[in-house]
Amino acid sequence: MQALVIAAHGSHLNPDASDPTYAHADTVRETGAFDEVRETFWKEEPHFREVIRTLESEEIFVVPLFISEGYFTEQVIPRELRLEGWNPEKWDSDGTSATEVTLEVGDAEKTVHYCGPVGTHDSMTDVIVQRAETVTGDHDVGEGVGLAVVGHGTDRNENSAKAIEYHTERIRERDRFDAVQALFMDEEPEVDDVTEYFETDDIVVVPLFIADGYHTQEDIPEDMGLTDDYRLGWDVPSTVDGHRIWYAGAVGTEPLLADVLLERASDAGATLGDALERIRRDTTHNDAGAPESDSSHARTNGKPVTDS
Amino acid sequence: MTALETAVDTLLEHADDGPVAFDGIRLESDGEETYTLSTPTIERDGLEAAVLRDVLTGLDDLEPYVRNWYHWQVRTGGEGTARRAFLRWCEHAPRSTDETQGAEPGDESLTPPERDAALETGIDREWGQLAITARFLDNDDPNGERVYDCWHVDDADTALEELEVLDEPRDARKIATTDEDGRYRPLKTAPTLRSGWAFTGLSGQELVDTVGFIYPATIANWHREQRGNLDVDHWVDTAARQTGIYDVIDELPREALNWLAEACCVDSQCLRRREWEYDAGDDLEPAGGDGPFPCREPCSLVVAAARKWAILESETEKTYELELTTSEWNQLADLIDAVADGRVDDIREADVNDGANRYRARYLRAKRFDDGELDARERSE
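Residue numbers (full-length UniProt numbering), protein chains in the order written: chain C, 1 to 308; chain H, 1 to 381.
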């Protein structure tokens, strides 16, 4: 038996924080690729500390639903899971290249394949691009359009910026968008000045965050000038300094992210059958435009749209 | 082939591989193409295969044993798992001696015939605020297969038509997320599970998944406790391993841990029974509570609250002088009690006899506050 464990942050205050985790877990469940699929959280239950014991599978693939390698993936999750002999050096990573390490745990007779976070996997690049397609409703979005990939910044963790820059460069190499730029909340180049980095009329802004919350639903929209007060919502697109800004909200809510979870487990040796192909088929846009159920959320990010 | 005949055939196949002994039935090949069969009321030996098959399918007294064996050993499986132990607990089935070390005294198990009769009408159990009923899937054509219903204990007498009927375990996540007033429940074992819903006809696995969404990890930790090997992490261990913003919690004074436990870890706030103490052999003053689920270490809410208190407790105490009437002094206690006991929303708008009434509080603020603060002087000594 094999199990997939999705390790996410969660929240004591905001019930929406775990929504993407549950949504992607359900997508994986429906493939039937794993005997068990379990969500686990730092701030919700089951806690990282007690998740392994809830599983019957002997082989457990743990994928952190985090954007970058850093404090949570290197210290908190391994410690709370009781990964025996864990050391960040086992990932042999340059900050964005962690794949997996196979270890035992201290409280159960299980083998844990501890994977790198979703945010640094190569297929995350596809999720960012698909997020741009979703928010614009254009399957071929790119020509005449600029793309900003937004991260928190390096004040907390230098790998956070590395992940943003890694995907930015990969998208740039595809030569699909007129320009691709990494922007940050707390350091240069800043998301506040988004329009200064693009010559195109249209700019798609994709924040590399797992869940929509304070940063993606309050800070960034206000910083970019989409709205004076986040509570009033904003249009998608909104016009700022003569540019149309297509603000996508957290990339982690994109259905295709479930594919990254599977890719991580697959890289670590999970047996998936045709689950990868099925997830790609079910969560990728088949024709122009976003899946109907998705676009309404993306267009308003769950907030009222103003008539400005 | 009837369900009973299928079960008998499967039982005979198992008996050919070695003796079968389960929940009171014993069947063993004696090596000469004959078998010995026994239950608490039947003892037969020298049975040839064909005769044995007739006995097993023909004797009403044996049917509960055969169906029971098939349900648990073939249909359910999972020997040694928490899932199986929990489902066995649901119907008072005997569990192995190493799985009942932590069992409550008086929790007597039932024999297969006793359970057969009870499962026709349903066997009820409570798991926190959950009422769980184990019953036969089909009483008219019983094959031993169990299904489970699960709803809120407060809805025990509510007609099914009045409840939101659910059958997908994942729906339990939504139920567990908010309380009756729509407020977020960050603590899944808070005694605030909302009512008004019912899962019906769940399989055993689906029941376990449903309980897992409502009370995560409680089955696994209960199972460990039942086996006498619950791994408890005391406060000092949990505090010592924290890093980042929670690194400070090991500075929380020893006596403050008593106040923390009294504030957070009592039955009125959490259905878990605190098994962790300050340290091994160094118990906290408040009792651990009578909750049904063992709490094996300070949870993330306690850790987050402890951080706040560790910071607050680093302040030095001061003495203040202020003017209050006796009733106003008593009113401060009323206000604190009302918030601490969560009864603010229950105080009637016009009940000015209650010190925590909104108008009473507003009056006190109007009279005794200056610039948004209680008007008091710090006494210098």
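Built from N, CA and C at the ideal position, the CB exists for glycine as well.
- Message: Give me the subset of the stretch 71 to 91 of chain C whose CB atoms are less than 8 Å from a CB atom of chain H, sorted by chain position.
- Response: TYR71, GLN75, VAL76 and ARG79
- Message: Buried or exposed for GLU188 (chain C), going by 16 or more other Cβ atoms inside 10 Å?
- Response: Here residue 188 (chain C) refers to the residue found at position 188 when the first sequence is read from its first residue. With fewer than 16 Cβ atoms within 10 Å of its Cβ, GLU188 (chain C) is classed as exposed.
- Under the rule that 16 or more other beta-carbon atoms within 10 Å means buried, what is residue 392 (chain H), buried or exposed? As shown, chain H starts at 1 and ends at 381. That puts residue 392 (chain H) outside it, with no answer to give.
- Message: At a CB distance below 8 Å, what residues from the stretch 47 to 70 of chain C approach chain H? Give them in sequence order.
- Response: HIS47, ARG49, GLU50, VAL51, ARG53, THR54 and GLU56
- Message: If you reduce the DSSP assignment to three classes, tell me which class GLN2 (chain C) lands in.
- Response: Translated into the one-based positions of the first sequence, residue 2 (chain C) becomes position 2. GLN2 (chain C): strand per DSSP, three-state reduction.
- Message: Can you pull out the residues from the stretch 150 to 171 of chain C whose beta carbon lies closer than 9 Å to at least one beta carbon of chain H?
- Response: none
- Quick check: the stretch 204 to 212 of chain C against the stretch 12 to 29 of chain C, are there 3 or more CB pairs under 8 Å? yes
- Message: So with CB distances below 8 Å, who are the chain C contacts of THR178 (chain H)?
- Response: In the second sequence, counting from the first residue as 1, residue 178 (chain H) sits at position 178. In chain order: PRO15.
- What is the DSSP secondary structure of TRP86 (chain C), reduced to helix, strand or coil? Against the first sequence, residue 86 (chain C) aligns to sequence position 86. Correct three-state label for TRP86 (chain C): coil.
- Message: Assuming SER29 (chain H) is part of the alpha helix (DSSP H), what are its boundary residues?
- Response: As a first step, residue 29 (chain H) is located in the second sequence; it is residue number 29 there, counting from the start. SER29 (chain H) -> not in any alpha helix (DSSP H); beta strand (DSSP E) instead, spanning 25 to 29.
- Task: With a threshold of 16 other CB atoms inside 10 Å of the CB of SER268 (chain H), please say whether the residue is buried or exposed.
- Result: On the second sequence, position 268 is the one that residue 268 (chain H) refers to. Under this definition SER268 (chain H) is an exposed residue.
- Task: Please report the Cβ distance between ARG85 (chain H) and HIS223 (chain H), rounded to the nearest whole angstrom; I am assuming they are in contact, meaning their Cβ atoms lie under 8 Å.
- Result: Residue numbering aside, residue 85 (chain H) sits at position 85 when the second sequence is read from its first letter. Residue numbering aside, residue 223 (chain H) sits at position 223 when the second sequence is read from its first letter. The amino acid at residue 85 (chain H) is misidentified as Arg; the sequence shows Ala. The pair is a contact, with the Cβ atoms about 5 Å apart (cut-off 8 Å).
- Considering ASP26 (chain C), what are the terminal residues of the alpha helix (DSSP H) in which it resides? The residue labelled residue 26 (chain C) in the question sits at position 26 within the first sequence. Unbroken alpha helix (DSSP H) run through ASP26 (chain C): 19 to 31.
- Message: With a threshold of 7 Å between beta-carbons, can GLU116 (chain H) be considered close to chain C, or not?
- Response: For the purposes of this step, residue 116 (chain H) is identified with residue 116 of the second sequence, where counting begins at 1. Before going on, a small fix: residue 116 (chain H) reads as Asp here, not Glu. Taking Cβ atoms only, chain C never reaches closer than 7 Å to ASP116 (chain H), which makes this a no.
- Using a threshold of 7 Å, state whether the C-beta atoms of residue 428 (chain H) and THR189 (chain H) are closer than that. As displayed, chain H neither begins before 1 nor continues past 381, which places residue 428 (chain H) out of reach and without an answer.
- Query: In chain H, which residues lie with their C-beta within 9 Å of the C-beta of HIS12 (chain C)?
  - Reply: Mapped onto the first sequence, residue 12 (chain C) falls at position 12. Within 9 Å Cβ-Cβ: TYR184, PRO186, LEU187, SER300, LEU301 and ALA304.
- Would you mind reading off the limits of the alpha helix (DSSP H) that contains PRO113 (chain H)? For the purposes of this step, residue 113 (chain H) is taken as the residue at position 113 of the second sequence. PRO113 (chain H) -> alpha helix (DSSP H) spans 112 to 121.
- Query: Three or more C-beta pairs closer than 8 Å, one from the stretch 246 to 263 of chain H and one from the stretch 68 to 86 of chain C: is that the case here?
  - Reply: no
- Item | Sequence-distant residues of its chain with Cβ nearer than 7 Å to LEU335 (chain H) (five each side left out) | If you number the second sequence from 1, residue 335 (chain H) lands on position 335. Around LEU335 (chain H): GLY355, ALA356 and ALA361.
- Query: Going by alpha carbons, who is nearest to THR10 (chain H) out of H:GLY46, H:THR36, H:GLU378 and H:ARG53?
  - Reply: Stepping through the second sequence from its first residue, residue 10 (chain H) is reached at position 10. The shortest C-alpha separation from THR10 (chain H) is found at H:ARG53.
- Item | Option in H:TRP309, H:ASP237, H:VAL303 and H:SER314 with minimal Cα separation from HIS12 (chain C) | To locate residue 12 (chain C), count along the first sequence from 1; it is residue 12. Among H:TRP309, H:ASP237, H:VAL303 and H:SER314, the Cα nearest to that of HIS12 (chain C) belongs to H:VAL303.
- Query: Taking the alpha-carbon positions, what's the ARG365 (chain H) to GLU321 (chain H) distance?
  - Reply: Here residue 365 (chain H) refers to the residue found at position 365 of the second sequence. Here residue 321 (chain H) refers to the residue found at position 321 of the second sequence. Roughly 17 Å separates the two Cα atoms.
- Query: Considering GLN75 (chain C), what are the terminal residues of the beta strand (DSSP E) in which it resides?
  - Reply: Here residue 75 (chain C) refers to the residue found at position 75 when the first sequence is read from its first residue. Per DSSP, GLN75 (chain C) belongs to no beta strand (DSSP E) and is neither H nor E.
- Message: Please return the same chain residues whose Cβ sits closer than 8 Å to the Cβ of GLU145 (chain H), not counting the five positions on each side in sequence.
- Response: Indexing the second sequence from 1 puts residue 145 (chain H) at position 145. Once the five neighbours on either side are set aside, the close Cβ partners of GLU145 (chain H) are HIS71, ARG75, PHE136, LEU137 and ASP138.
- Task: Step through the CB atoms of chain C and report whether any lies within less than 7 Å of the CB of ASP16 (chain H).
- Result: Along the second sequence, read from residue 1 onward, the residue named residue 16 (chain H) stands at position 16. No, because no Cβ of chain C sits closer than 7 Å to the Cβ of ASP16 (chain H).
- Within chain H, partners of ASP107 (chain C) - CB distance below 8 Å: In the first sequence, the residue the question calls residue 107 (chain C) occupies position 107. The answer, in chain order, is ASP231.
- Less than 6 Å between the CB of THR73 (chain C) and some heavy atom of the ligand COA, yes or no? Because no ligand of any kind appears in the structure shown, any question about the ligand COA cannot be addressed here.
- Message: Going by C-alpha to C-alpha distance, which of H:ARG95, H:ALA21 and H:TRP127 sits closest to ASP290 (chain H)?
- Response: Position 290 of the second sequence, counting from 1, holds the residue named residue 290 (chain H). Residue H:TRP127 is the option with its Cα nearest to ASP290 (chain H).
- Message: Output needed for ARG29 (chain C): all residues of its chain with C-beta closer than 7 Å, excluding positions within five of it in sequence on either side, in chain order.
- Response: The sequence position of residue 29 (chain C) within the first sequence is 29, counting from 1. Cβ within range, chain order: VAL37.
- Item | With 16 other Cβ atoms within 10 Å as the buried cut-off, status of ILE132 (chain H) | Here residue 132 (chain H) refers to the residue found at position 132 when the second sequence is read from its first residue. Burial call: buried.
- Taking ARG379 (chain H) as the reference, give the member of H:ALA217, H:LEU166 and H:THR319 with the closest Cα. Residue numbering aside, residue 379 (chain H) sits at position 379 when the second sequence is read from its first letter. Among H:ALA217, H:LEU166 and H:THR319, the Cα nearest to that of ARG379 (chain H) belongs to H:THR319.
- Can you tell me whether DSSP reads TYR247 (chain C) as helix, strand or coil? Working through the first sequence from its first residue, we reach residue 247 (chain C) at position 247. Three-state DSSP puts TYR247 (chain C) in a strand.
- Query: How about VAL240 (chain C) and GLY225 (chain C): do their beta carbons lie closer than 7 Å?
  - Reply: As a first step, residue 240 (chain C) must be located in the first sequence, where it is residue number 240. As a first step, residue 225 (chain C) must be located in the first sequence, where it is residue number 225. Yes; because the gap between Cβ atoms is below 7 Å, this pair is in contact.
- Query: What residues from chain C crowd round GLY244 (chain H), counting only those whose CB sits closer than 7 Å?
  - Reply: On the second sequence, position 244 is the one that residue 244 (chain H) refers to. Here the neighbours are TYR71.
- Cross-strand partners of VAL101 (chain C) (DSSP beta bridge): Here residue 101 (chain C) corresponds to residue number 101 of the first sequence, with the count starting at 1. BP columns for VAL101 (chain C) point to C:TYR114.
- Message: Let me confirm a value: LEU4 (chain H) is counted as buried when at least 16 other C-beta atoms fall within 10 Å, else exposed. Which label applies?
- Response: Within the second sequence, the letter at position 4 stands for residue 4 (chain H). LEU4 (chain H) should be labelled buried.
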